[in-house]
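From first to last, the protein sequence lines are chains R and X. Here the first sequence is numbered in our numbering, starting from 940 and rising by one per residue. Here the second sequence is numbered in our numbering, starting from 18 and rising by one per residue. The beta-carbon is built from N, C-alpha and C at its ideal position, and this holds for glycine as well. Everything numeric in this text was worked out from a predicted model, so none of it was measured. Worksheet: one structure, shown below.
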Amino acid sequence: MAEPLLSAAHIDKSFLDNKVLDDVSMDLLPGEVHALLGENGAGKSTLIKILTGAYTHDSGTILLEGRPVHPRDTKHAQEMGVGTVYQEVNLLPNMTVAENLYIGRQPRRFGLVDSRKMERDAHQLLARYQLDIDVGAQLDTYSVAVQQIIAIARAVDISGKVLILDEPTASLDQHEVDVLFAILGRLKADGMAIVFITHFLDQVYEIADRVTVLRNGKRVGSHPIQDLDRMELVKMMLGQALEHDEAMRIGKARQAGELYASFRNYALSGKAAPFDLDLHKGEIVGVAGLLGSGRTEMARLLFGIDRPDSGELTVAGQKARLREPRDAVALGFAFAPEDRKIDGILGDLTVRENIMIALQARQGWTRPLSQKAQVEMADHFVKALDIRTTGIEQPVKFLSGGNQQKVVLARWLATNPRLLILDEPTRGIDVGAHAEIIRMINALCDQGMSLFVISSELDEIVAYSSRVLVLRDRAISGELRGAEITQGAIMEMIAAQHEVQPL
Amino acid sequence: MNARYWPLVATITIFVVAYALAVMQFPALFSTRVLGNLLTDNAFLGVTAVGMTFVILSGGIDLSVGSVIAFSGVLVAVLVSQLGLHPLPAFAITLLICTCFGGTMGAMIYYLEVPAFIVTLAGMFLARGVTFLLTQDSIPIDHAFYDWVRQFYYVMPGGGRITFNGGLMLLVFLVGIIVAHRTRFGSYVYAMGGNAQSAALLGVPVARTTIGIYAMSSFLAGLSGIVYSLYTSSGYPLAAVGVELETIAAVVIGGTLLSGGVGFMFGTLIGISIQGMIQTYIVFDGTLSSWWTKIVIGGLLFGFIVMQRVIIAASRRDWRTKPHPEPAPSG
């Protein structure tokens, strides 16, 4: 085996008390495409940021061509030969293509930027990538795919040894992906080491030579791609939790009630392929799929955060339209988003204020809730959901993750919703609170509420779902019902070769 | 046409149309004398506005410039009239102090991650306070050098004069245009205004550039104070109150996006000229209150801010029509 170009060994990294990387190692060989895989929170981006100098690691060593290196910052790492292209193309939309390629190292004549030479160089540089464009035009007049190639051209031009691509294909269509892969093939032939982060398994099998999988900050393993079939790969990514006892499988036997909301032919270009979805009363629809499979995008459509390009919605037999979340709230929908710190809680407001705000918003400001009603409501939910707080006037930011999640739930339960959409309701909360939230989800369903629950925890989905939708490439790729719902079946569906092209 | 040119085109159009209308009413407005006076009267504003353009292009704001102008004028007056220094070393000392002051503000903004608004607001009070510490009253400057400088002027055809101050402002604008559009520093300023995070990832020296931007802004405010002292032959601690806001208005009316990253130095010159022209018109009319200047500037500012929002919305819509607009959020 060739000497590794870049090798990271036993990397540890903690933020405060939270260990995000635990003894992670990874080798990059010259002339290979190395896929780095893992779900949200697995530690991929932290590892990348350490390699590129954006973070410093707590312990471990990084060797570049056999010599230990300590990248001080991104620029330093670039100069040593490690270049990165991020998913949200990190270029400057307000500047020209040539400026983007050469900023910080523009050719100069008499102390002034020689823009003619810069544009000539830029043109030549991009010609190597079969890109013949006006380099004097502003960057944002070009498509994301072109911007992506410009970013790669820049990174390779500066660094030239290691290229790290963070989800480069997330917003490209099939043709653009092919163009990108052709470029990667050429760079590989030139002896560069390429790290490729993606959540499209097909692309991993198409381009990668080796795969490293991270889970919960630990390395699960590194394997040559030909030694790894899809099922094994998905298992490595999602982990194999123990199958739950049959007794825990409450969802299976549940009888769904009447049809509540029916989405027909809902679609949003680039986010969700057309789908039909029927939600019944007293039913929990679990949604499984890898990161990037379009789960959150679907939830956002259901709650009117994004407007669909096409599609019809019928709620309780009546036609309805979602122009914005307010419409969804008026229809009796509720949504607890994935990132509660950003989209969920209002950290500086108190528990009481956080709980009453959705109901107040629905009533409108002309009918304020009385202080007494607010206190009663808050007390009720603190008791009912067992929210651990020093009092209803405590700011929510001082609560633990699980209790914050309960506050977000309480907020929506106060509006007495008929459809509750939960995106990763148990992420980042401790085991005890975890079980309570699952119990609560079940209890709400028994009361006749319709629930749509997205989760990466397969055991959890298996435990409570009446039905499971499996998403892949922003489309519903399959559905499991009743006794069919097992972790194995879900994983098989996620791993299955797909017949349809991505959007 | 790229939507980013709209504000500049709009500014130039407004200036031309308004000037034409004014000339139709008062044909005497169409003369080099008016032009020369316009340059002289607004020289200190223009010099400051060049610095402010850099600050706003980088996505920042500098509220301290008005106070720095007063400080600079008073310090020069104290050094020359009370300590008997020759004006040239007095200028050098003043400019050095002002530049260090701005550099310190820039360093605080970058290293302490305090918003520019807060830091320069503190700078505004600090500079004004120190100015009052130097003197409570207006200090006249009576020095041969001042008279000597004042005799430099260029007579344009038609009898209008480009005075030393007016010429200096044009020179500062010329240098500003070159620095903004033809140097690495200028490209860093635009880069930071476009997206500070991306700029840092692309290797733009954000620390050095931030310090440089605010140092330059204060340097130019200091220079503007000197221009002001030449203009009034005195240093007055209450001078240039609110000038920071007039300067920001000129920059925005000149087509620079308040959010940074987009704009042209030349637009600021037009922005200054529009303000000056309104004042000139009011003087010609003779019956209008000078407050009309503020009212018109306020109205224009409103219009331009609305236009900026429309432009941003329009460029977003462009995105949406492309097949795969934004990177999909994870999840």
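Three-way DSSP call (helix, strand, coil) for residue i in this model
i	result
Arg1006(R)	strand
Lys1210(R)	coil
Pro1264(R)	helix
Val1224(R)	strand
Asp1117(R)	helix
Val6(X)	Since the first residue of chain X shown is 18 and the last is 348, residue 6(X) is not available in this structure.
His160(X)	coil
Ala1109(R)	coil
Val1307(R)	Position check: residue 1307(R) holds Pro in this sequence, whereas Val was assumed. Coil.
Asp1184(R)	Because the pLDDT of Asp1184(R) is 47, which lies under 50, any placement of that residue in the model is unreliable, and the number read from its coordinates should be weighed accordingly. Asp1184(R) falls in the coil class under three-state DSSP.
Tyr994(R)	coil
Lys1345(R)	helix
Ile1443(R)	Residue 1443(R) lies beyond the range of chain R shown here (940 to 1442); nothing can be said about it.
Arg1246(R)	coil
Tyr205(X)	helix
Asp1217(R)	strand
Ala345(X)	Only weak support is given to the placement of Ala345(X): the predicted model assigns it a pLDDT of 35, under 50, and the value that follows is read from those uncertain coordinates. Three-state result, Ala345(X): coil.
Leu937(R)	Past the edges of chain R, shown from 940 to 1442, lies residue 937(R), and the structure says nothing about it.
Gly211(X)	helix
Asn182(X)	helix
Arg337(X)	Here the model assigns Arg337(X) a pLDDT of 41, short of 50, so the residue's position is not dependable, and the following value carries that caveat. Reduced to three states, the DSSP call for Arg337(X) is helix.
Pro104(X)	helix
Tyr1068(R)	coil
Asn59(X)	coil
Asn1381(R)	helix
Val1052(R)	strand
Ser1201(R)	strand
Cβ neighbour criterion (16 or more within 10 Å) applied to residue i
i	result
Thr1329(R)	exposed
Glu1332(R)	exposed
Cys117(X)	exposed
Phe88(X)	buried
Leu100(X)	exposed
Glu1363(R)	buried
Val67(X)	buried
Gln1165(R)	exposed
Ile1281(R)	exposed
Glu1185(R)	For Glu1185(R), the pLDDT reaches just 46, beneath the cut-off of 50, and the residue's location in the model is therefore unreliable, leaving the point undetermined.
Ser235(X)	buried
Phe190(X)	buried
Glu1263(R)	exposed
Tyr128(X)	exposed
Lys1258(R)	exposed
Val172(X)	exposed
Distance between beta carbons of residue j and residue i, contact taken as under 8 Å
i	j	result
Val221(X)	Asn1033(R)	The pair is not a contact, with the Cβ atoms about 13 Å apart (cut-off 8 Å).
Phe1242(R)	Phe1274(R)	4 Å
Arg1203(R)	Glu1251(R)	5 Å
Val82(X)	Thr264(X)	6 Å
Ile179(X)	Leu56(X)	6 Å
Glu1106(R)	Ile1072(R)	Glu1106(R) to Ile1072(R), Cβ: 24 Å. No contact.
Leu74(X)	Gly284(X)	In fact, because the Cβ distance is near 11 Å, the residues do not count as touching under 8 Å.
Val1392(R)	Ile1376(R)	Not confirmed; about 10 Å, so no contact.
Lys1210(R)	Asp1245(R)	7 Å
Per DSSP, cross-strand counterpart(s) of residue i
i	result
Gly252(X)	Ile156(X)
Asn1355(R)	Answer is none; Asn1355(R) lacks a bridge partner.
Met965(R)	Ala947(R)
Leu1153(R)	Arg1158(R)
Asn957(R)	Phe954(R)
Gly1417(R)	Val1409(R)
Lys1258(R)	Thr1253(R)
Gln168(X)	Paired residue(s): none; Gln168(X) is not in a bridge.
Ile1393(R)	Val1226(R), Asp1362(R)
Val1021(R)	Val1101(R)
Gln1077(R)	Thr1035(R)
Inter-stretch contact at 8 Å, needing at least 3 Cβ pairs: the stretch 30-44 of chain X / the stretch 198-209 of chain X
no
Pair every Cβ in the stretch 1080-1100 of chain R with every Cβ in the stretch 1029-1044 of chain R, then say whether three or more of these pairs are closer than 8 Å.
yes
Three or more C-beta pairs below 8 Å linking the stretch 1348-1356 of chain R and the stretch 1289-1306 of chain R
yes
Would you say the stretch 1408-1426 of chain R touches the stretch 1229-1236 of chain R, given that touching needs at least three Cβ pairs under 8 Å?
yes
Answer yes if the stretch 1218-1229 of chain R comes into contact with the stretch 1400-1408 of chain R, meaning at least three C-beta pairs across the two stretches below 8 Å, and no otherwise.
yes
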